[in-house]
Each structure stands twice: as structure tokens, then as C-alpha cells.
Amino acid sequence: MTKTNAGRFFEDYRVGDVIRHAVPRTVSGGERALYHALYPARHALHSSDDFARACGLAASPLDDLIAFHTVFGKTVPDVSLNAVANLGYAEGRWLEPVWPGDTLRAESEVIGIKQNSNGTSGNVYVRTRGLNQRDVPVLEYVRWVMVRKRDAASPAPDEVVPRLDRVVLPDALVIPDGLDFSDYDFTLAGEPHRWGDYQVGEVIDHVDAVTVEEAEHMLATRLWQNTAKVHFDATFREDGKRLIYGGHVISLARALSFNGLANAQLIVALNAGAHANPCFAGDTVRAWSEVLDRAPTNAPGVGAVRLRLVAHKGPPGDLTLKREDGRYAPHVLLDLDYWALMPL
Amino acid sequence: MTKTNAGRFFEDYRVGDVIRHAVPRTVSGGERALYHALYPARHALHSSDDFARACGLAASPLDDLIAFHTVFGKTVPDVSLNAVANLGYAEGRWLEPVWPGDTLRAESEVIGIKQNSNGTSGNVYVRTRGLNQRDVPVLEYVRWVMVRKRDAASPAPDEVVPRLDRVVLPDALVIPDGLDFSDYDFTLAGEPHRWGDYQVGEVIDHVDAVTVEEAEHMLATRLWQNTAKVHFDATFREDGKRLIYGGHVISLARALSFNGLANAQLIVALNAGAHANPCFAGDTVRAWSEVLDRAPTNAPGVGAVRLRLVAHKGPPGDLTLKREDGRYAPHVLLDLDYWALMPL
Amino acid sequence: MTKTNAGRFFEDYRVGDVIRHAVPRTVSGGERALYHALYPARHALHSSDDFARACGLAASPLDDLIAFHTVFGKTVPDVSLNAVANLGYAEGRWLEPVWPGDTLRAESEVIGIKQNSNGTSGNVYVRTRGLNQRDVPVLEYVRWVMVRKRDAASPAPDEVVPRLDRVVLPDALVIPDGLDFSDYDFTLAGEPHRWGDYQVGEVIDHVDAVTVEEAEHMLATRLWQNTAKVHFDATFREDGKRLIYGGHVISLARALSFNGLANAQLIVALNAGAHANPCFAGDTVRAWSEVLDRAPTNAPGVGAVRLRLVAHKGPPGDLTLKREDGRYAPHVLLDLDYWALMPL
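Protein sequence lines, in the order shown, are assigned to chains A, B and C.
Residue numbering for the first sequence follows our numbering, beginning at 883 and increasing consecutively.
Residue numbering for the second sequence follows our numbering, beginning at 883 and increasing consecutively.
Residue numbering for the third sequence follows our numbering, beginning at 883 and increasing consecutively.
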């Protein structure tokens, strides 16, 4: 019985430790097809090899969130198996497209640690990198989680809280080699709106909605080899509910955002993110976006747009984000801050 | 909020307009595997590269209905987002096999328009073509839908109702290049019945049944990038039900028809089709077929058979199609008229 | 109506008959991705091409159970469509890895037959072989099932009960060509435990659990083109339940066993197996293993371990296998006896 992995507890992390996560994964056209079955994903660059070639790429890369979920899933047994909460993301950047046939693995460095005042848990900060079969980083991001202590009596470690950028600066965005939106086909992409048409402060209600089923979120979460019990085992929580993986909500919201942001083709940075409230099967998920910033890039025809993406389970058109006390409204599921690339 | 696509209304169609639909799609072995997971599909030509090669093809093409659903899905945002009903199909022909790696896009020409007497909606007729990455047409069909008017007070357009063939003539059927059933292996295909064994008027009850789940029809419908809200959003209809995409029922019925029609390997024409009654999760779907016609072809060993394929949610063996008043019996879901190719 | 396959009855089997099963199947990266979505499968050799190459293989073969299910599914219409019970397995051996792009077909020889004392059914023993597109056997196993008689009055056949080995001897295990665990990366594989760390008699509770949904087991069972009505048709059983394909439980349990047996990379033999009790949607499946034996092999760095794999739907930590009367405890779903390969 001692051969199973009970996961790490708060005491098991030391700042500077580098964890090589297990189970590398080769991804292919199968993962791409499943992504389209699981999410209403329609961004043309991730749907069509020909569209991607017309944008200067060798073929259609796998969805940016396939890369994210695959890397994230690898970290779960080492980082969040005993996590009480997934607290935040920062400094996320996509560094290289992932192509069918690539093999991904992940490493995390512990960059911060801070015991909570109640003495039973603490926050752990890790910087995770996904690498392909040539050891080229494809993705990196910081995540911090609240992890249970094994023993409340164990002494508190020295506190290290990393200084994290609130936003990835436009100069730090990595544009895929060769990307060129000069001859972008807006009709094939599905919408006429270009970079210049989006104004900072503009809010877009994405109109569509998806009611989530147990089978769907479990298929998705397993696909990323994410093993957290709470997503799969209806006997794990006292209320008999299976908590939906937060990344499932990210992908749902991003896919729903096609309607109004069809040309926000590639995600290149994750500035911040909060899973505001839990999502369960039966919830009907909607999404809206707010334009937070815009920046030019060096790539031909390519602009960057910074977006807030909010997922909620409220009625259509309810764009409330926070309550009067500053906390998230109870129907809000996700508040994500990211950079995407659009045609000028 | 004006950036989202509200879909076209009846007033937005003009006869002669050609709509280039958005979001081209590269299909692969992933879509093939999902098709086998979603439907009990067993026709050998779409299951085995080796079987297909023994029939003169380069490899196993993707299921004919994968081509249909992919093309159909592209048309939804432009044709049927505000449709009240999907009224009919005609003059459908498969023109070229779709291979893994192909990229499909779709175009539709408006060929007819007719306001309804109540003034709040009208019928729109479109001829849709699916094209591959070499701009070769892979599929064409006529579909007509009832679409809401934006404004009941807007004037009725000049009425144009296209003359449509009630059936695709055998001479117009397109046989895939190289198809040769001379050395057909009936054992591997699963049944001994050949073209000559099917008599016009013969009825085959396909015996098997599938009880449909919400997760399944949503996975399937999303896979074809079909975005109609009514399939995904449990809050959209007043009764809280998600309407199952009619094409899901077509694929279920076609797959169930293997049992008795295992050698009807390829669909080459869609003569007509009616979604007689809505299908919802929890329904148990059964199918039966009637042989409507037979015709020789020029390809070696290949005959064509015209079939009526009926899906229903009634008890086993209930082959009732219509009520005394000529309307479809309430348990009938689908009445499809198509041509398939069989070994002589 | 006579064109549909009613399946074989007990009277239809003769010892020595060889049945060529229908519908060959080409498997690809799509099936691999679906396997990861359907089961929490994480064994690195089936997840990563690079990991497999570091173990001497050309690429990552498809999961051994993909091969098993695909071959098994082909036999259903000929062997178990009218089966009352799936009674046992023996002498199962994996003979050659299955690679993406391979086409599998199956043949079964009837090797035994024995009417039951009640005269209404009998046991049929078949030796099934799966073959790839080069007619190389990839898998063979013996299975016996209880099959209904068409007519209780038909005479009993001469009884032939094959002598079956209770366990595949270590010398008979087939190691994939080139397999070499000399440079095995235990960190990437996920656990440090090597062949020498497992003691005969040791029991490992795999801790994780999965609550099963209807959509999931139907997707899986269809993927293997297994057509038994009882898995898909909620009107088939009087209690309105869909019986979950026993192989689905095998794959669930094997995937759950990663936690404690991450290095048991390849299944090479199936010694015995019993589906102790039926599994239905809503059940939460757990698994535990017992080490039954160990043996060296001729391949560099590779040892064989014989394992009992038990799946159950009881509470966490309930490792009861049998009741006092020697029958399986009611919460036990599966009792499987197999050989796997591990690094020394």
C-alpha cells in the first residue's frame, strides 16, 4: 500500500526544487478531433491546415489550450493532488506551437512558499514549463495553490513570496515563427472585425451557451491525464458532486468567445486567472469578454489584444462580475486575463 | 455587443447570392475514431484501409456522413441559426471521397425564397457545396429551411421556388474513381447479401437500438462545428430539453442499418429527407429500411440501390410510417431517401 | 427481415469450426486519444513515442487493451450475441505490438462445446486470434461463454472440454522485439518501484476511483465495434439498465492500477479472468492488485510480474474478494490474472 502516490503536502516543497513531472505525452490529430468534440472551438487557425498555411505556418498547430491542459495535467500529481484551492496564474507565455506528433513533458520549479496563519496549510508557487521532444519550451506559467500540511505541528518554513508581473508586457509576447496575417481571409475566419475595431473597455457578450454533462468534463479532464480525484469520484465530496476541472471552463469560455472574437486566433500569454466559483454538471456556461489593452507586434499584419474572459452560469446577458463587497458574484466561474493575436 | 453574429433573417437572402461559409476544417483519423465511438458504424469500407484497397481505393475514405455533417455544420451560422424548421433535402450527391488530411469548406447559393402566408417567416432554398483543399467539390445538396423574418412588416420578396428533382437519376450518381467490387470479400464485410438479393419493396428491420445520451449528441454535433444553440443550451427551450441535431439521427440510423445492409458500403446520393419528429436524450432509436429501387452502374461489380431509411423511437418491430391522415406517426424521427453502392 | 443477423445459437457451433469475423478495422492516433479520454491511462510507454523509443521500440504502440477490445469486438456478432454469460478467459498472449495505421481482423476456432444439464444452453469454448494487415497474429486468447440453444429439444452434441493452462508459463511470454529497459527513466514513468521491489503476496490498493457514466461506456464499447444490444439499448433489460461491457471495467481497472504499478508497462498475457458482478452507470469503480508471481525474461532489463487485478464498487479500502461460501463478494466486478513487463 505504500507504493501509491499520496501526493505532496506543504512540508514537501522547498524553494528552488525542480520537479520533473511524469508521463510524457505524444499528441496528434486524435487530440485535435476530441478538442473539437468537447468544446465548440472554431478558430480557423486551429481548425484548418490550409488556413494556417495561408497565415505563414507549416500546418495548423494544436489549440493553445491543448498545450496548456496537457502540461497542467502532468503537474497535478506533484503539485495539486492535496491542494485545497487553485489560487492564481501569472506570467504565462506560449513559446512555440505544438504540432501533431510532438511529445510534451513538464517541469516545475518551486519559486515561493508561505504558510497560512491557521497553520494547517500553505501557499506554494511553482513556475511550470512544458517542453517538447527536442527540449524546446512550448509554454511556461506560474501557478500558486493552497496545499494541506501533513502535520499541523510541523514548523513554518521561511516565507518566500515571488514578485510576479501583473501582466506580460507586449515586448515579451512570443509570436510563432513565420506568422503573417497580411493576406488574412476574414470571410473564412468567420468575422470581419480586425484589431483596430476593438476598443479598450469594449465588452462583448458571446451570446452562446453550453450546458455541461458529467461525461464531457470527465472525458476532457482524463484526456489531459489530470488525475485529481475530485473530478472523477462522486463519493469523494460529501455532496456527491464532481467538481469540474477549472481548465474545462477555460476551454469552454474561450471556444464560446469565437462569437465576437473569431479573429483572436492565438493565445500567447496568460496574465492572470481566477476560478471564481466551482462549476458542476448541469450548469449552463456563458461567456463575455472585455478588451483590456491593445499592442502592435513585429509580425506582418499581426496585432495583440489583451482580453478579460469571464465565464458564468447566470442568465443570458448578466455581465455582473463582482458583488458590492468586491468579491466575485456567485454566478461567475472564471475571470481570465490573456493576450491573443489578431489581424490588423 | 454588435460584434456577435445574430444569424441571417429571411430578409437577408436574395436569390443568386453565394455565401462562402466560415471555418474550414481539416479532418483526420481523429474524426474517424470519434465517428466509431459516437455511432455503431461498421461498414467495412469506412473501417479498414485494407478492405478499401481491396475495393480499388487508395485507402479508407472518411464516412460519407462525416463529409455531410462537416459541410452542413459550416452552413449553420449562415443558413439555419434563425431557422424554425429544417424542411427538406434534395439533389444531394457525393462527388469525391474525403480522405484523412483533407480540408473542407463550404459554399451555398440561394436558389429560392418564398414568404409564408403568415408574414412572419419564409422558406429559403440553398444549394450547398463542400469543397476540399484543391477546390474540388466533394458533396452538393439542396436544403430548404423556414427562417424567421426580422420584421414582420418588411415586404415579401418575389417568390422563387426552384424545381427540384424528386430523385437523383442513376446516371447522375458519381462512383469513386477506381471502385471495383469484383473481388469483394463478403465474409469480412459481415453479410452475404448482394445487390441482386434485394427486391424493390423489401423491408428490413435492423433490430438493434441505441438509447441516446445528452453527452453523446452534443459531442457529435460540436465535432461538426454545428453551433445551433438549441442543441447545447438547456435553458434555450422552454421545456428545458436540448433538441438533438437531425444529422445525429441520420448517422445513428445509417449505422444501425448495418444489420441487414452491411454491404451498402457507400452513400452516393441523398434524394430526400424529413426530420419527422424531434429526438431528445433518453429516446431509444431504432431503424428500418425499404428498398425503393435498384440500378446498375458502370463500375466493375458495383450496383446502386435506392433505400428509404426510417429512424423511430417506437417499440421494437413497429414499422408504421404515417398516420391515417398522411402525417408521420409520432414515433417516427427520420424518413431518408438515398442511393448506396453495393457489390453485385 | 431475414437479412439481419440473429447471432449463433448453441446448436450452430462444431468443434474445429473456424470463424472469420467481419469488419476489419484500421486503428490510429484517434483511437489512442480516445483511449486516454475514456480511461485514466498513464503508462508512459503507451503515452509517449519518445519514452517508447528510449525503451527500444520504434514508437509508442497502441495500448495492449486497445488490441484486445478491437479483436474482442469483432467476435461478438459470431460468439456472444446470444450469450447468457461470459464465463472465462485463458491462455491469452499478446504476440506483436499494434501500431497506429495497423488494420486488425479476427478469427476464432471452436475448441470445446458442452451442453448444460438444464438442456436450454451450453458452453462454447473458442480460441480467438487477432491478426494485422500482414496476417501476423497480434493477440490470441481462449474465451468461453454460455450460449442459449435455439431449441431446447435439439440433441446434445458430444462433449469436448479443452484442457486449458491455468497460467501462461513465463517461457511462453512474448516480449516485443527490441524491448530494452536498461535505460528506463523512472522519473518520467512516474514511480520508482522496480521489478525487485514487488513481493509475491503483496497487495496494492490503487486509491483512485471513477464514477461511470452511460455516455462513457457506450462510447468505449462502440469504439471497439462491439454490438451487443445489452450495452446500448435501455429497453432491452427489464430493469431498464444498460449492462456495461466487461472489457470497459478491465480498462478502467488497469488504468487505475497506474497508481502503484506505473512501471508495469506492457500486458503480455491474460491467464484468467472473471466478470464477478455486473457494472452499471453510476457505479464508482476502484481497483486493487495482488502480486502473484515474478519471472525473469531474456530481454535486457525486463522482468515479468504476474498480477491479480480486482475491480470493485465497494467503499475505499475494501479489499474483500470472496464471501465465506467462496463466491465473489457482491461489490467485486472483476478478477483478472495477467502478466506484465516491468523494469528490473
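Built from N, CA and C at the ideal position, the CB exists for glycine as well.
Suppose contacts are defined by Cβ-Cβ distances below 7 Å. Is B/V1050 in contact with B/A1151 by that definition?
Within the second sequence, numbered from 1, the residue matching residue 1050 of chain B stands at position 168. Within the second sequence, numbered from 1, the residue matching residue 1151 of chain B stands at position 269. Closer than 7 Å, so yes.
DSSP three-state call for C/V966: helix, strand or coil?
The residue you call residue 966 of chain C lines up with position 84 of the third sequence. The answer is strand: DSSP assigns C/V966 an E or B state.
Following the continuous beta strand (DSSP E) through C/S1003, name the residue where it begins and the one where it ends.
Position 121 of the third sequence, counted from the first residue, corresponds to residue 1003 of chain C. Note, C/S1003: beta strand (DSSP E), S1003 to L1013.
Taking buried to mean at least 16 other C-beta atoms within 10 Å of its own C-beta, is A/L1218 buried or exposed?
Position 336 of the first sequence holds residue 1218 of chain A. Burial call: buried.
Rounded C-alpha distance that separates A/L963 from A/G955:
Numbered from 1 along the first sequence, position 81 holds the residue referred to as residue 963 of chain A. Numbered from 1 along the first sequence, position 73 holds the residue referred to as residue 955 of chain A. If I take the Cα positions, the gap works out to 11 Å.
Answer with yes or no whether the minimum CB distance from C/S930 to chain A is below 7 Å.
In the third sequence, the residue the question calls residue 930 of chain C occupies position 48. Chain A contact via Cβ: present.
Per DSSP, cross-strand counterpart(s) of C/E1172:
The residue you call residue 1172 of chain C lines up with position 290 of the third sequence. According to DSSP, C/E1172 bridges with C/V1085 and C/R1190.
So, with DSSP's three-state summary, where would you put A/K1111?
Along the first sequence, one-based indexing puts residue 1111 of chain A at 229. Looking at A/K1111 - three-state DSSP - the assignment turns out to be helix.
With DSSP run on the structure shown, which of helix, strand or coil describes C/Y1265?
Missing from the structure shown is residue 1265 of chain C; chain C here goes from 883 to 1226 and no further.
Could you tell me whether any Cβ in chain B is nearer than 7 Å to the Cβ of A/F933?
The count along the first sequence starts at 1 and reaches residue 933 of chain A at position 51. Closer than 7 Å to some Cβ of chain B, the Cβ of A/F933 qualifies, so yes.
Within a Cβ cutoff of 6 Å, which residues of the same chain sit near C/D899, ignoring the five residues on either side of it in sequence?
Position 17 of the third sequence holds residue 899 of chain C. Hits under 6 Å: V992.
Go ahead and label C/V1029 buried or exposed: buried means 16 or more other beta carbons lie within 10 angstroms of its beta carbon, across all protein chains shown.
One-based indexing of the third sequence puts residue 1029 of chain C at position 147. Buried, since its Cβ has 16 or more Cβ neighbours within 10 Å.
Could you pull the start and end residues of the alpha helix (DSSP H) that C/P959 belongs to?
Residue numbering aside, residue 959 of chain C sits at position 77 when the third sequence is read from its first letter. Taken as a continuous stretch (DSSP letters only), the alpha helix (DSSP H) holding C/P959 covers D946 to V961.
Can you give the beta carbon distance from A/T952 to A/W1106, rounded, assuming they're within the 8 Å contact cut?
Your numbering for residue 952 of chain A matches position 70 in the first sequence. Your numbering for residue 1106 of chain A matches position 224 in the first sequence. That pair is a contact at about 6 Å.
With DSSP collapsed to three states, give me the class of C/W1077.
Sequence index remark: in the third sequence, residue 1077 of chain C carries index 195 (1-based). Residue state, collapsed to three classes: helix.
Give me the residue from A/A923, A/L916, A/P922 and A/A940 with the minimum Cα distance to C/L920.
Along the third sequence, one-based indexing puts residue 920 of chain C at 38. Among A/A923, A/L916, A/P922 and A/A940, the Cα nearest to that of C/L920 is on A/L916.
Going along the region 1137-1168 of chain C in order, which residues come within less than 7 Å of chain F, judged by CB to CB distance?
The structure shown contains no chain F; its protein chains are A, B and C.
Taking the straight line between their C-alpha atoms, what separation do you get for A/Q1015 and C/S929?
Translated into positions along the first sequence, residue 1015 of chain A becomes position 133. Translated into positions along the third sequence, residue 929 of chain C becomes position 47. Going by the C-alpha atoms only, they are around 13 Å apart.
Might you give, ordered along the chain, the residues of its own chain that have their beta carbon closer than 6 Å to the beta carbon of B/N1005, omitting 5 neighbours on each side?
The count along the second sequence starts at 1 and reaches residue 1005 of chain B at position 123. K996, W1026 and M1028, listed in sequence order.
Paired residues, beta bridge with A/W976 - DSSP
Along the first sequence, read from residue 1 onward, the residue named residue 976 of chain A stands at position 94. Beta-bridge pairing links A/W976 to A/L1021.
Helix, strand or coil for A/L1051, going by three-state DSSP, please let me know.
What you label residue 1051 of chain A is simply residue 169 of the first sequence in a count that begins at 1. In the structure shown, A/L1051 sits in coil (DSSP, three-state: anything other than H, G, I, E or B).
Counting pairs of beta carbons, one from the region 1070-1078 of chain C and one from the region 1195-1207 of chain C, are three or more of them closer than 8 Å?
no
Member of A/V1131, A/I1149, A/P1225 and A/E1041 whose CA lies at the smallest distance from the CA of A/N998:
The count along the first sequence starts at 1 and reaches residue 998 of chain A at position 116. Here the closest residue by C-alpha is A/E1041.
Please report the distance separating the alpha-carbon of C/S823 from that of B/T985.
Nothing about residue 823 of chain C can be read from this structure; chain C reaches only from 883 to 1226.
Could you check where the alpha helix (DSSP H) with B/N1141 kicks off and where it finishes?
Along the second sequence, one-based indexing puts residue 1141 of chain B at 259. Counting along the chain, the alpha helix (DSSP H) containing B/N1141 begins and ends at F1140 to L1143.
Once you ignore the five residues that flank A/P1058 on each side, which residues in its own chain have a CB closer than 6 Å to its CB?
Residue numbering aside, residue 1058 of chain A sits at position 176 when the first sequence is read from its first letter. Excluding sequence neighbours, A/P1058 sits near P979.
Starting from B/E1098, follow the alpha helix (DSSP H) in both directions and report where the run begins and ends.
Mapped onto the second sequence, residue 1098 of chain B falls at position 216. Here the alpha helix (DSSP H) through B/E1098 covers E1096 to L1105.
For B/D1219, the first and last residue of its enclosing beta strand (DSSP E)
Position 337 of the second sequence, counting from 1, holds the residue named residue 1219 of chain B. Where B/D1219 is concerned, the enclosing beta strand (DSSP E) stretches over V1214 to P1225.
Across which residues does DSSP place A/W1026 in a beta bridge pair?
Position 144 of the first sequence holds residue 1026 of chain A. A/W1026 pairs with A/G970 and A/Y1007.
Just checking A/R975 against the ligand MN - is the residue's beta carbon closer than 6 Å to any of the ligand's heavy atoms?
Annotation note on the ligand MN: not contained in the displayed structure, which lists no ligands.
Span separating the alpha-carbon of A/A923 from that of A/L944:
The count along the first sequence starts at 1 and reaches residue 923 of chain A at position 41. The count along the first sequence starts at 1 and reaches residue 944 of chain A at position 62. Distance between the alpha carbons of A/A923 and A/L944 is about 12 Å.
Nearest candidate by alpha-carbon position, reference C/Y1023, set C/S1003, C/Q1081, C/A1035 and C/A988:
Numbered from 1 along the third sequence, position 141 holds the residue referred to as residue 1023 of chain C. C/Y1023 has its Cα closest to that of C/A988, out of C/S1003, C/Q1081, C/A1035 and C/A988.
Residues that A/H1075 contacts on chain B, provided the C-beta gap is smaller than 7 Å
Within the first sequence, the letter at position 193 stands for residue 1075 of chain A. Going along chain B in sequence order, the residues near A/H1075 (Cβ under 7 Å) are K885.
Rounded to the nearest angstrom, how far is the Cβ of C/F1184 from that of C/P1225, given a contact under 8 Å?
As a position in the third sequence, residue 1184 of chain C is number 302, starting the count at 1. As a position in the third sequence, residue 1225 of chain C is number 343, starting the count at 1. The question names Phe, but residue 1184 of chain C is Val in the sequence shown. The Cβ separation is near 7 Å, so the contact holds.
Which residue wins for smallest C-alpha separation from A/D1121, given the options A/F1162, A/P1182 and A/F1140?
Indexing the first sequence from 1 puts residue 1121 of chain A at position 239. Among A/F1162, A/P1182 and A/F1140, the Cα nearest to that of A/D1121 is on A/F1162.
Look at the alpha carbon of B/G889 and the alpha carbon of C/D1017, and state the distance between them as a whole number of angstroms.
The count along the second sequence starts at 1 and reaches residue 889 of chain B at position 7. The count along the third sequence starts at 1 and reaches residue 1017 of chain C at position 135. B/G889 and C/D1017: Cα-Cα distance of roughly 54 Å.
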